[in-house]
Amino acid sequence: MAKPSADNAKTANARFIEADEAYFDDDFEKAEALYTQAIAADSTVAAYFSKRSLTRLKLGKKADAAADALTAATLTEAKSSMLRQHFKALVIHGRLATELGSYDEAAESLRKAFIINPSHEEVCALLEKVEPLTTPKPKPEPEPVVAQAEEAVAPPPRPTARHEWYQNDEFVILEVFIKRVQKDAATIEFSNQGVSLSVKMATGSDNNHEFEPLMHPIVPKESTYEIMSTKIEIRLKKATVGLKWDYLEQSEAQRLAKAAGKASLSSSRQGVSWDTIAANAEKETKLKPGEQSVNQLFQSIYKDADEETRRAMMKSYIESNGTALSTDWKTVSKGPVETTPPVDTYAKPY
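Sequential numbering from -6 applies to the sequence shown in my numbering.
So, in structure tokens, the structure goes:
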């Protein structure tokens, strides 16, 4: 697509700003006309199509809105820095195409969105709905058998990465375990309630992760990340200081609530508040002012521990209902960790 002249780009941006103002004034017909003028001056900006898509949806023009969303997805497809916008455009197009009965188009966009974020609840639900409704692909004609046929080479699997998280009063610390990432190979974007990660691997493939929506809002400008030799540590600044997160993402909370009938934590995805553990430990051991903070000690142990030690800490603390904490995986892995309340107290079942 040809790059617009400087004058055209300036004109397009001016119309886009005017269109936004009209949109927020609920004058959707005027907004649509102005977004169209912006696109006529510069058709290379995905945001122009995304905003016109939302406007046309307000006007009840689903087919036009779906077409704009698909264009926005196409414009952002090859840009790793625009992964979040690309994902959202794919979801919007998949949703609208499903409502319009264009199941083949919907499935194509939703499959791409699923590769980016396979845990996104809406994407999974829509895919489950449209896949049985897509047009079956014709079976390929059998190829003639040759004496020395070469074996088909399977495509490389999509790269994945294990991740864990913990929290204190001010931050949620998300650790994505990918080794030997070059400093300029990772792109991380923060929004008010999400974070996306895109890593260009040495093989040339992209390792993408999307955590959205997060359980609670964050402050993007005060959120940071650090690329280390074995992992990428992402520090999400809590919008509400002191608020304890029970889950990292809302979709996980909803999934568990549906599966169990109530919100119950999963040992593989549960966040652990070391502030709470520290408070209990300090209370029981009667630490004097000035002694080393148990909270800092627990955080330090967990942050620098190997995988087995972390698993032991998570399993012992969760299964004992917060009354025991062990770093010995060989012992903890043998069975459930019993609740051991302090002396002269008893555990109350729920």
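Just so you know, even glycine gets a beta-carbon here, dropped at the ideal spot from N, CA and C. Model, not experiment: these values are computed from the prediction.
inquiry  = Let's test the definition: count the other Cβ atoms within 10 Å of the Cβ of Phe9 and tell me whether it reaches 16, buried, or not, exposed.
reply    = buried
ask   = Along the chain, where does the alpha helix (DSSP H) that runs through Ile108 open and close?
value = For Ile108, the uninterrupted alpha helix (DSSP H) run begins and ends at 96 to 109, by DSSP.
key: For Asn201 and Ser189, the rounded distance between their alpha carbons   = 8 Å
query = Quick one: what does DSSP say Ile227 is sitting in, helix, strand or coil?
reply = strand
query = Thinking C-beta only, is Glu242 closer than 9 Å to Phe204?
reply = yes
query = Between the C-alpha atoms of Thr217 and Tyr310, what's the straight-line distance to the nearest angstrom?
reply = 28 Å
query = In chain order, what residues of the same chain have a beta carbon less than 6 Å from the beta carbon of Ser326, not counting five sequence neighbours either side?
reply = none
request  = Would you list the residues sitting across from Lys193 in a DSSP beta bridge?
outcome  = Partner(s): Asp199.
query = For Ile227 versus Ile181, is the C-beta distance shorter than 9 Å?
reply = yes
query = Straight-line CA distance for Glu301 to Lys323?
reply = 9 Å
task = With distances taken Cα to Cα, identify the nearest neighbour of Gly53 among Leu89, Tyr28, Leu167, Ala33.
result = Leu89
task = For Gln263, count neighbouring C-beta atoms within 10 Å of its own C-beta (all shown protein chains included) and say buried if the count is 16 or more, exposed if not.
result = Only weak support exists for where Gln263 lies, its pLDDT of 46 falling under 50; the value from the coordinates is given anyway. It is buried - the Cβ of Gln263 has at least 16 other Cβ atoms within 10 Å.
query = For Ala24, does the three-state DSSP call read helix, strand or coil?
reply = Under the three-state reduction of DSSP output, Ala24 falls in the helix class.
Close-in-space but distant-in-sequence residues of the same chain around Ala65 (CB under 6 Å, 5 per side omitted) = Ala39, Phe42, Ser43, Ala82
message = With H, G and I counted as helix, E and B as strand and the rest as coil, what does DSSP make of Arg45?
response = helix
task = Count the other CB atoms, across all protein chains shown, that sit within 10 Å of the CB of Glu219; report buried if there are 16 or more and exposed otherwise.
result = exposed
message = Once DSSP output is grouped into helix, strand and coil, what is the label at Thr233?
response = coil
task = Report yes or no: do three or more beta-carbon pairs, one from the segment 66 to 82 and one from the segment 16 to 31, lie closer than 8 Å?
result = no
key: Cβ distance (whole Å) where Gln93 is taken to contact Val123 below 8 Å   = First, the residue type needs correcting, since residue 93 is Leu and not Gln in the sequence shown. Between Val123 and Leu93 the Cβ distance is about 11 Å, and since that is not below 8 Å, they are no contact.
message = Within a Cβ cutoff of 7 Å, which residues of the same chain sit near Lys51, ignoring the five residues on either side of it in sequence?
response = Phe21
ask   = Would DSSP call Ile171 helix, strand or coil?
value = coil
inquiry  = Spatial neighbours of Asn110 within its chain, please: C-beta separation below 6 Å, excluding the five flanking residues on both sides.
reply    = Glu203
key: Residue interval of the beta strand (DSSP E) (run including Ala179)   = 179 to 184
message = Buried or exposed, going by whether 16 or more other CB atoms sit within 10 Å of the CB of Arg151?
response = In this prediction, Arg151 has a pLDDT of 44, which is less than 50 and means its spatial position is unreliable; what the coordinates show is noted afterwards. Exposed.
ask   = In three-state terms, what does DSSP make of His113?
value = coil
task = Sort Pro(-3), Arg49, Asp0, Ala(-1) by Cα distance to Asp19 and report the nearest one.
result = Arg49
query = Taking Cβ positions, are Gln160 and Lys214 nearer each other than 9 Å?
reply = no
ask   = Mind checking whether Ala56 and Ile85 have CB atoms under 9 Å apart?
value = no
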